[in-house]
Structure formats: C-alpha cells, structure tokens
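Chemist: Protein chains in written order, with my numbering: chain A, 93 to 470; chain B, 8 to 385.
1. Output yes or no for whether 8 angstroms exceeds the beta carbon distance between residue 458 (chain A) and residue 408 (chain A).
2. Any chance the segment 144 to 158 of chain B sits against the segment 449 to 464 of chain A, with 3 or more Cβ pairs inside 8 angstroms?
3. Per DSSP, what are the beta-bridge partners of residue 128 (chain A) in this structure?
4. Kindly indicate if chain B contains any beta-carbon less than 8 angstroms away from that of residue 426 (chain A).
5. Among A:149, A:153, A:228, which has the Cα closest to the Cα of residue 133 (chain A)?
6. Are the beta-carbon atoms of residue 449 (chain A) and residue 438 (chain A) separated by less than 8 angstroms?
7. Check whether chain B comes within 8 angstroms of residue 135 (chain A), counting only Cβ atoms and requiring the distance to be less than that.
8. Which whole-angstrom value describes the C-beta separation of residue 313 (chain A) and residue 273 (chain A), a residue pair presumed to lie in contact below a C-beta threshold of 8 angstroms?
9. In whole angstroms, what separates the C-alpha of residue 301 (chain B) from that of residue 173 (chain A)?
10. Assuming residue 166 (chain B) contacts residue 367 (chain B) (C-beta within less than 8 angstroms), just tell me the rounded distance between them.
11. Please tell me whether residue 431 (chain A) has its Cβ less than 8 angstroms away from any Cβ of chain B.
12. Considering only residues of the segment 89 to 139 of chain B, which uninterrupted alpha helix (DSSP H) runs meet the minimum length of 4 residues and lie entirely inside it, listed in chain order?
13. Would you report the Cα separation of residue 202 (chain A) and residue 155 (chain A), rounded to the nearest angstrom?
14. So residue 58 (chain B) is in the alpha helix (DSSP H); what residue range does that whole segment cover?
15. What separation, rounded to the nearest whole angstrom, lies between the Cα atoms of residue 365 (chain A) and residue 345 (chain A)?
16. So, at 6 angstroms on beta carbons, what are the nonlocal neighbours of residue 312 (chain B) in its own chain, with the 5 sequence-adjacent residues on each side left out?
17. So the candidates are B:323, B:63, B:129; which of them puts its Cα closest to the Cα of residue 193 (chain B)?
18. Less than 8 angstroms between C-beta atoms, sequence neighbours within five positions excluded: which residues of the same chain meet that for residue 352 (chain B)?
19. The alpha helix (DSSP H) that contains residue 209 (chain B), what's its start and end?
20. Going by alpha carbons, who is nearest to residue 190 (chain A) out of B:43, B:116, B:106, B:343?
21. In chain order, what residues of the segment 431 to 446 of chain A put their CB closer than 7 angstroms to some CB of chain B?
22. Can you tell which of A:168, A:399, A:402 has its C-alpha closest to the C-alpha of residue 265 (chain A)?
23. Could you check whether the segment 341 to 351 of chain B touches the segment 244 to 262 of chain B, counting it as contact only if at least three pairs of C-beta atoms, one from each stretch, sit closer than 8 angstroms?
24. Residues in the segment 189 to 211 of chain A with C-beta within 7 angstroms of chain B's C-beta atoms, listed in sequence order?
25. If distances are taken between C-alpha atoms only, which option among B:252, B:143, B:320, B:369 comes closest to residue 195 (chain B)?
26. Using alpha carbons as the reference points, say which of A:391, A:233, A:343 lies closest to residue 363 (chain A).
27. Assuming residue 385 (chain A) contacts residue 402 (chain A) under a Cβ cut-off of 8 angstroms, what Cβ separation, rounded to an integer in Å, is found between them?
28. Less than 8 angstroms between the CB atoms is what I'm expecting for residue 58 (chain B) and residue 91 (chain B), so what's the real figure, rounded?
29. Look up residue 458 (chain A) in the DSSP assignment and say whether it is helix, strand or coil.
30. Return the chain-ordered ranges of every alpha helix (DSSP H) run that is complete within the segment 360 to 428 of chain A and spans a minimum of 4 residues.
31. So does residue 336 (chain B) have its beta carbon nearer than 7 angstroms to some heavy atom of the ligand COA?
32. Which same chain residues end up closer than 8 angstroms to residue 371 (chain A) when comparing Cβ atoms and leaving out the 5 residues on each side of it in sequence?
33. Terminal residues of the continuous beta strand (DSSP E) containing residue 253 (chain B)?
34. Counting contacts by CB-CB distance shorter than 8 angstroms, is residue 421 (chain A) in contact with chain B?
35. Just how far apart, CA to CA, sit residue 335 (chain B) and residue 89 (chain B)?
36. Check whether the segment 173 to 182 of chain A touches the segment 216 to 227 of chain A, counting contact only when three or more Cβ pairs, one atom from each stretch, lie closer than 8 angstroms.
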C-alpha cells in the first residue's frame, strides 16, 4: 500500500512481517536456517559484503538501477532484486530498509508498475513533509546505491478469471498499487471498462500526470479522472456519491478497488455498497501523542493472541495483568531481558516520554507503554 | 549514617537531585546517538573479524610453512598469530559482545548488533549471560547473596562472606579461575553447586546443560579441532596457539572484571538496601559498588570501556563509546555531591584486588558497620 505514507503504521494486514526474519515457507529462508546451524551467517554476510555481488544469507539487497521523477515531489525507483527474491505481482508491497544517520528505517512501498521481469521492480516514493525515509529516498538515494528489501507481500489483486469492468479509486499515495494493477490489466488486454478516479491535493503532487492522457489515447476502454482537492483555482470535493455516480453510472456491474488513507477507504466502501465487488487497502497516519488513557488492541504474534491493554501502564505490567508471563528481569529498563520486537504499531518510551512507531524495532516492555494498536513478536 | 566512608552523607532531597542530574545526562545523550556511534561499533566488528582471520591464518599457514620449508618462520608467525587471535577475542568479548548484549546498540535496528540476538565468541551462551550479568549483576550490583559476581561462589573477596578452610587455597584457586575464566562464566548460571548438594536433580541439570553443551561443542570443534586440522601434521602447534589465545583472553577479562568491583574502596550491601530503594540510592549503589581504571584510549578499547565501570553501571544501556565523555561529567557531579569516585591506574587497582584475594583467604572481620548501611539520613 502507501507509496509515501512515510510515518504510517500498517493496520489490518494479514502478512506483516519483520524485515529480517525469514519468511516461513520460503525455500531460500530454509537454506539460510540450515546454514545458520553450522556457522554464524551474520559473520558470513560480513565477509560476503567484501565481494561485488550482493548475495547475503540474512538480507535481500536490491540495487537502484534508475530513478526518474513521477511528480514534482515524487520519484520512481527501478530496483534490481536478488535472484532468490520471490517474484512479485502487481498490487503487492515491499518493505524497503535504508540506513540514515546510523539508524535503519523500514517503510512499506507498493510496486507502482507490474514487474517487467523477475529481476526488476519499480516503486514510487512521494516526499512527505518531515518524512525521514521518503526524503532520503527522493533526494539522497542515487542510482547504483543499495537498499535492503523484504519479500513481496499482500496487496490487491485484479479479479480472477473474468474481465469485469473496474472502478479504481485512489487517494494520494494510494495511486501506486492501483497504477500497477491498471497497467497490468492493460497489458493483459482487459476487455471490461476501466475507470480510475484519482484524488490528489495539488497538480504538483499528482503522480504520473503526463502518462494518464497518453494511456487514455491508447486505450478506448480506459478513463482517468483526477480530482485536485487543494487546487487554487477550482478545488475538487472529496470523494462523494456525486463523483462516484459521475465516474461509474453502472456501479452495480463494477468491481471496485480502492486504496488511500483509512478515511478515504472507509468512505469509498460506504459509497460502493451497490457495487458488484469491493476490495480495498487503507493506511492510517500515526496517532497523535494522545495524552488520554485508553485501551488498545495488542497482538502477540507468536502466540496468535490478541489482548486489550491499557495505555497508561508499562506493557510488561499490562501483559502480566492480562495473564501473560513475558520474560523479564529488572523491571526498570536496565537489563534488556524483556526486549522484544514491536512488529508494527506505536508505543511510548516512558523514560524519554517519546512516541515511537518505527516498525520492527526492539523495545523494552518494562519502560514502554502501548500508544496505539500494536503487534509484538511475543 | 553514611554510605561510603570517603563520601558525604546525602539527604533524601540531595540524593534525588543527584539522580535527576544523572538522569538528565542520560536524556541528553540518547538523542545524540547516530552515525558516529554506528560507525564506531561497525569498525570494532570489522577489526574483530580481520584480526581474527589474520591470527588464525598465521597460526595455520605459519605452522605449515615452518614445518615444510622454513623452520625459522615458526616462532614469529606463531607468536603473531596467538597475539592477533587473543586480541580479536578480547575485542569481541569486551568492546563488541558485552556492550551489544546489553542492548546498547539496539537503536541502530541492525540485527547484527541487536542485544537479544547476539551470540559471542566464548564458551558460555549469551542467553545465560543475559541472566547472570545483564539482570542479576546489573540490577543487584554488589548485594551479597544476590549478585553472584561477588566471588562467583568460589572466592572470598569481602569480609562479610563467612570464612571456610577452603579459602586458604584461594591464591591458587584464583589463578586457576583466571586461566579457566570463560568456563567459570559458562557454568555460572548452571548452578552446579546446587546439584552437588543434591538440591537440583540431574534431569534439571541436564536440561540446563543442553544449550550450553551445544555452544561449548561448537567452540571446541572450531578452535581446537577444525582449525588445527587445517595444518595437517603440524596441528599441535596450532592447537597450542588456540589454547594460549583463549587463556590470554580469559586472564585479561578476569583482571578487568575483578578490577571493576573488587578494589579496596568498593562496598558491598545487604539485601535490606533493596527495600524502597530510590533512584538516587540505586545510583549511589552503582557508584560505590564499582571502580574505574585510569588509562588511555587503548585501555578503554581493550577493556571494552569497562575502564569506565562506574559509568557502565549507571548507564548500562548507553553505548560504551560514550562512557569516556560521560565520565568527565559524572566525576564532576560526584565532586559536587561529595561522593568518592573510585579510580586509579590498572597496576594500582589490580594490586588492591590481589590484596583482597590474599587478605580474605584468611579469616577477617568487617571493619565497623559502614558496609551494611542502608542509606538513612541523620
């Protein structure tokens, strides 16, 4: 999902995983596990880094082959992926990890085009105001640089076995997976009508602006409507029943695919109640540092448990009150025994009184409280 | 009452202020962690790998070349090989592993430097170390009956320990313990003593022993079987070289660790200090339970910055490469609050350790009541 949701957290996705843990069922990961019984694969990776090849035991590295602008503040990156990377399909996402000032950051980006071959993918990154990673990818990353990627996962799909008429609804960075699906459908010679409704804030933030015209000229069945909600001369309305009726009067026959911020997706879902089918992915911005105490949903990934825990006490104490017995030691942030991975979601560092939502980060449960729905590697 | 004979008695308010100043030091340091610290630990990692490989190569190829062609080459290559391998192991154990396992570099989010995952080049498992050291030693520092590092259940270092005739052998036992230090550490969390006394079943011991035995097996296989075999008929010199390198590492780590807690002015505590211990009291216990080594940057590197044992105990979660700078401020604070700051050259501190080991091998009595003090104000 989200090309440019720089600080987003990933809600309700079935296939979130940590960037460095081997994916279950992946043969390459099994190979790595086999070797790691015999030698330290991290040491092996240290030595492999001295070779020009990018083969590693514990990480997948991709080289940036090309970068080209997609909008005033967005860039499309073409990546060469390793041979053992699982081939991706349009609609899927990939986690990209880069190191900025000594700290590794991971963000999720959608493929913005169907993969041209098994070794290349394209992602489009829009610069977010104050966004560390999007800023780095848009401004500092150069062709030839190497980034770490995850195997592809999740995402939207075109309906199987039919050429149903499609209505694609995108808002902001939600355009990227839908563009990949749209191009994929056109490549396959889709026989149904395809209508894209694309909401962006301004003309500068409109991605692939020139391309939409050309595509419409080439394909009779394609219609693209863009809505600029902060256009200085004629600001468009947010998605509503009127715009939807205008886009697809035949809504009952359409398969609707929507992607954008959670609010947009919720609205699209309500408005598409009469459609033949509706599939969507939404993303949410990080919660604002809420001071009020509330209850959030904490998922313990390894145990497959979901618990409702309060935000006003350390996670360790909250988990224990809920009958869990996580490993722990000093209970005061000294010994690191209770450290575990926060796979996704936001927590508050009680020692620093700081909110943290970086995915796949080791946190000490005794000095962190939940700040929003969380997934923990417990 | 007083806490340390050489220090001023602090009122609860003064202790709170002392704690606030130290907490502020931590808070000032945390946001500044970044590219320099990451570069530092990566360089240490690289130095460990390069010197280790070079040392092993010199041992094996030196033995082969000397045996087959140039006998004069034997001693120079053997000595250089042993020295490099010992250096590599010391650097790995002290500056890399000990600090990484504390979680000091978890903020980098690099799995290679993650405290919960790191496994080190020593007989004992990192898993057991996290319990005996990170948790028990760092939480219950110098509390008799709780911090097993006080004599390791083998030595009598403080007069409060009950004297037994066995301690007459202490000078000899200490030397053997220093030479076999890594095996002592490996056995520390296995509680062999309880098994000997029949307080632990053999089945329980067996369960605890399995991961440790696995790790020990791998260490022996690599250092004492596979590497010597590479030298074919000249395996003996490689084997002896590997043994010596490990012994040099053992003795050095023993010296550094003993200097950190067993110098003359170091104080031990009874369990009663834990009752309602405030943050200020905790800091004072860490301060008066530790001692520093004065030296240059080489000493800092070779001791894994345990030359700043006091700072390490106050801020075990801060990267060790910051201790030297923090030390100046801690020392200034100690002067302001009239607290003794225990530091000295390596020969001076080590002489005090030797004296303790010799003195308390004979019956001795605590002098006065200063050692058992719970901090109360007058």
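Cβ atoms here follow ideal geometry from the backbone N, Cα and C, with glycine treated the same way. The structure presented is a predicted model; accordingly, all values stated were derived computationally and were not measured.
Modeler: Inspection of the coordinates gives the following:
1. yes
2. no
3. Per DSSP, none; premise fails for residue 128 (chain A).
4. yes
5. A:149
6. yes
7. yes
8. Rounded, the Cβ-Cβ distance is 15 angstroms, inconsistent with contact.
9. 51 angstroms
10. 6 angstroms
11. yes
12. 133 to 136
13. 17 angstroms
14. 42 to 75
15. 12 angstroms
16. 327, 330
17. B:129
18. 300, 301, 302
19. 209 to 227
20. B:116
21. 431, 444
22. A:168
23. no
24. 193, 194, 195, 196
25. B:143
26. A:343
27. 6 angstroms
28. 5 angstroms
29. helix
30. 407 to 413
31. The ligand COA is not part of the structure shown, which contains no ligands of any sort.
32. 248, 249, 347, 348, 349, 350
33. Note, residue 253 (chain B): premise wrong, no beta strand (DSSP E); alpha helix (DSSP H) at 242 to 268.
34. yes
35. 36 angstroms
36. no
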